[in-house]
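This report concerns only the one structure given below.
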Amino acid sequence: MNTATQSIAVGIFAGIASAMLVLSALAFPLLNFLFMFLSLVSVLVAGIGWSNRAGVIAGFIGAIILGIATSPFVAALFAGALFAPAAWIAHLTNLARPADEIGGPEGELAWYPLSRLFLYICGISAALSSLQILSVGDSQEMRDTYLMLLEEFIAQTPEAETIPLNSMEAAIDQFLAIMPFLLGAFFVLLLFFGWYVSARLADKFRRSKRPRDDLPAHLRMQPIAIPILGAGLVVYFIGGGLSAAGLAITGAFTAGFTLSGLAMLHFATRGKPWRLLLLWFAYVVVFIASMMPLVAFFIAGLFGTTRTTAPTSPNKNDKTT
1 MNTATQSIAV
11 GIFAGIASAM
21 LVLSALAFPL
31 LNFLFMFLSL
41 VSVLVAGIGW
51 SNRAGVIAGF
61 IGAIILGIAT
71 SPFVAALFAG
81 ALFAPAAWIA
91 HLTNLARPAD
101 EIGGPEGELA
111 WYPLSRLFLY
121 ICGISAALSS
131 LQILSVGDSQ
141 EMRDTYLMLL
151 EEFIAQTPEA
161 ETIPLNSMEA
171 AIDQFLAIMP
181 FLLGAFFVLL
191 LFFGWYVSAR
201 LADKFRRSKR
211 PRDDLPAHLR
221 MQPIAIPILG
231 AGLVVYFIGG
241 GLSAAGLAIT
251 GAFTAGFTLS
261 GLAMLHFATR
271 GKPWRLLLLW
281 FAYVVVFIAS
291 MMPLVAFFIA
301 GLFGTTRTTA
311 PTSPNKNDKT
321 T
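Now the structure itself:
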């Protein structure tokens with residue numbers, strides 16, 4: 001089987017798998033995140049491990065199957081939110097040019113910088129979350145829906161009758177207020193860790209042309225991300241119909257800077273005998289205290305935008321395409 005035929009076959013199988021996983025997510029809401037993540041990984045592995053063509057075909061086939069099994073709207077929704085971003089991220093991952101074109105050594109390749117790839121992930125996440133929030137429309141409708149679900153839950157669960165309804169309504173209002181921020185951050189985590197797992201799988205099975213990225217050393221936000229974050233905050237505080245979109249942009253880029261700060265911690269402790277203990281402690285504190293430690297990592301990420309450059313490395317797996 002030649003390379004082109006193999007890419008087409010892999011793309012078709014990955015597309016079928018991604019569509020089946022999305023259908024599973026729709027059928028089992030409690031496992032929604034897991035199935036969406038695996039669907040994303042299916043397209044990413046095809047694109048990173050085989051070719052851009054395989055990734056595009058996977059997304060196209062997945063959308064067609066979803067359109068047949070559900071509706072054109074659902075197909076377009078997941079194609080835009082999962083399949084297309086995955087194919088594009090895989091394409092950027094595989095971009096490279098001769099290193100001597102930018103002053104590097106001859107015979108080596110300069111791969112698309114990880115910081116730019118990460119910026120695209122945050123930008124795509126900001127766009128997706130903003131569009132999703134704006135498409136929902138009136139938040140009052142969402143509030144009424146949540147209240148109706150709560151009333152049904154209370155009616156079916158006697159133990160819940162002791163919880164004051166006013167407290168539940170206040171909790172719903174607080175959740176809806178920060179939901180755009182959380183949605184932006186969620187998309188960053190979904191796309192970034194989907195890319196990370198896919199790249200590791202492709203490298204594990206020697207399907208990746210790109211050498212493994214040293215995330216602790218090279219994961220950072222580019223300086224342009226700071227004014228984008230600022231613009232999101234300005235839009236949010238101005239208010240109006242676009243306020244929620246501004247908060248979604250803020251959430252996406254805040255997550256990006258926070259992940260960058262966490263990478264800096266991993267890099268700073270590299271080679272230290274107490275590294276594992278400190279990392280465990282840091283993540284336990286994040287899990288327990290949540291907000292304050294994450295603010296510290298976010299600030300570190302803000303100051304780490306120029307800490308390193310993209311690596312230049314030989315194309316060790318060039319025989320696989």
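Once you know that position 200 of the sequence shown is 200 in the working numbering, the rest is easy, because the numbers rise by one and skip nothing.
Cβ coordinates follow ideal geometry from the N, Cα and C atoms, glycine included.
A quick note: this is a predicted structure, and the numbers were derived from the prediction, not measured.
Item, Value
"Beta-carbon proximity list for G304, same chain, < 6 angstroms, skipping 5 on both sides", "R220, S260, M264"
"Beta carbon of L40 nearer than 8 angstroms to that of L82", "yes"
"Sequence ranges, alpha helix (DSSP H) only - wholly within the stretch 81-112, length at least 4", "84-93"
"Classification of D213 by the beta-carbon crowding that lies within 10 angstroms, buried from 16 upward", "buried"
"Supposed contact pair S243 and V235 - C-beta distance, whole angstroms, cut 8 angstroms", "7 angstroms"
"Residue nearest to A252 in terms of C-alpha spacing, selected from I68, G184, A202, L189", "G184"
"Terminal residues of the alpha helix (DSSP H) in which L215 lies", "215-218"
"K272 in three-state terms, based on DSSP", "coil"
"Contact the stretch 7-24 vs the stretch 65-74: 3+ CB pairs below 8 angstroms", "yes"
"Rounded separation between F13 and V56 - CA only", "12 angstroms"
"Three-state class that DSSP yields for M323 in the structure shown", "It is not possible to answer for residue 323, since the shown part of the chain is limited to 1 through 321."
"CB contact flag (A86, A96, <8 angstroms)", "no"
"With 16 other Cβ atoms within 10 Å as the buried cut-off, status of A25", "buried"
"Backbone CA spacing between S51 and Y112 [nearest angstrom]", "16 angstroms"
"Contiguous alpha helix (DSSP H) assignments of at least 4 residues, all confined to the stretch 20-82", "32-49, 52-69, 72-78"
"Pairwise C-alpha distance: A54 and L3", "Going by the sequence as given, residue 3 is Thr instead of Leu. T3 and A54: Cα-Cα distance of roughly 11 angstroms."
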